[in-house]
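S.K.: To start, I am sharing the structure in question, which I have written as structure tokens.
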Amino acid sequence: MFLNQTTYSTDTSPRSVAIVDVNSDNKPDIIVTNWNSNTVSVLLNNGSGTFLTQTTYTTGTNPGLVAVVDVNSDNKPDIIVANWNSSNVSVLVNNGSGTFLTQTTYATGSNPFSVAVVDVNSDTKPDIIVANKGSATVGVLLNTGSGTFLTQITYATGTQPESVAVIDVNNDNKPDIIVGNYGLNTVSVFLHC
């Protein structure tokens, strides 16, 4: 059903992967966080299902989950990473050719584990939602419109929230936040008001 694997080098301890066309050539590229090297790798697609050697970009300490979404309204997908041991998120803005600017970081709660990037305040600008495992909170960082973000607003969750998803669960056309609480064996649902 599938051919044998082809492997491509990353930095140390790849943790999370996203597949998005980052250089506008209509070919999906690989973006991967590297936990122990504090980097994110971008492997551009050659078009035949093969990929170029990685280009790496510095992140915070122990980058975990990654999202790739246009946060500055230039129609180029940007990289957002939760940095576990630096308690922040990195935003790496896309230059347009599949290369990225140096990270800008935004403070989160303790030990951010995962991120979602969705417009939660109906201004058409994607916001960052982060599960802060160490502080038992979910943080919302609102997008100012230029791809920069306000200080997080936090909401208490169960113990050790690890995953976060954002979708309208009650049919009111407003995005709600769902968090998986690893330490309590529960999920938290935050209905948008």
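First residue of the sequence shown? That's 82 in this note's numbering, and the numbers climb one at a time after it.
Ideal Cβ positions, reconstructed from N, Cα and C, are used throughout, including at glycine.
None of the values given here were measured: they were computed from a predicted structure.
Is it right to say residue 204 is buried, meaning 16 or more other beta carbons lie within 10 angstroms of its own, or is it exposed?
M.R.: Working through the sequence shown from its first residue, we reach residue 204 at position 123. Flag for residue 204 reads exposed.
S.K.: Compute the Euclidean distance between the alpha carbons of residue 52 and residue 225, then round it to the nearest angstrom.
M.R.: Missing from the structure shown is residue 52; the chain here goes from 82 to 274 and no further.
S.K.: Does the segment 236-254 touch the segment 166-176, meaning 3 or more C-beta pairs lie closer than 8 Å?
M.R.: Not touching, per the Cβ criterion.
S.K.: Exposed or buried, what is residue 237 when buried is set at 16 or more other beta-carbons lying within 10 Å of its beta-carbon?
M.R.: The residue you call residue 237 lines up with position 156 of the sequence shown. Its Cβ having fewer than 16 others within 10 Å, residue 237 is exposed.
S.K.: To the nearest angstrom, report how far apart residue 192 and residue 216 are at their CA atoms.
M.R.: As a first step, residue 192 must be located in the sequence shown, where it is residue number 111. As a first step, residue 216 must be located in the sequence shown, where it is residue number 135. Their backbone Cα atoms lie some 7 Å apart in a straight line.
S.K.: Quick check on DSSP: helix, strand or coil for residue 275?
M.R.: No answer is possible for residue 275: it lies beyond the span of the chain, which begins at 82 and ends at 274.
S.K.: Output yes or no for whether 7 Å exceeds the beta carbon distance between residue 114 and residue 103.
M.R.: Working through the sequence shown from its first residue, we reach residue 114 at position 33. Working through the sequence shown from its first residue, we reach residue 103 at position 22. No, the pair does not count as a contact, with Cβ atoms beyond the cut-off.
S.K.: Taking just the CA atoms, how far does residue 274 sit from residue 88?
M.R.: Against the sequence shown, residue 88 aligns to sequence position 7. Against the sequence shown, residue 274 aligns to sequence position 193. For residue 88 and residue 274, the distance between alpha carbons rounds to 46 Å.
S.K.: Just grab the DSSP bridge partners of residue 138 for me.
M.R.: In the sequence shown, the residue the question calls residue 138 occupies position 57. DSSP lists 121 as partners of residue 138.
S.K.: Is residue 103 near the ligand FAD, in the sense that its beta carbon is under 6 Å from a heavy atom of that ligand?
M.R.: This structure simply doesn't include the ligand FAD, nor any ligand for that matter.
S.K.: Considering only the beta carbon of each residue, do residue 239 and residue 218 sit closer than 7 Å?
M.R.: Along the sequence shown, read from residue 1 onward, the residue named residue 239 stands at position 158. Along the sequence shown, read from residue 1 onward, the residue named residue 218 stands at position 137. Against a cut-off of 7 Å, the Cβ pair of residue 218 and residue 239 comes out as no contact.
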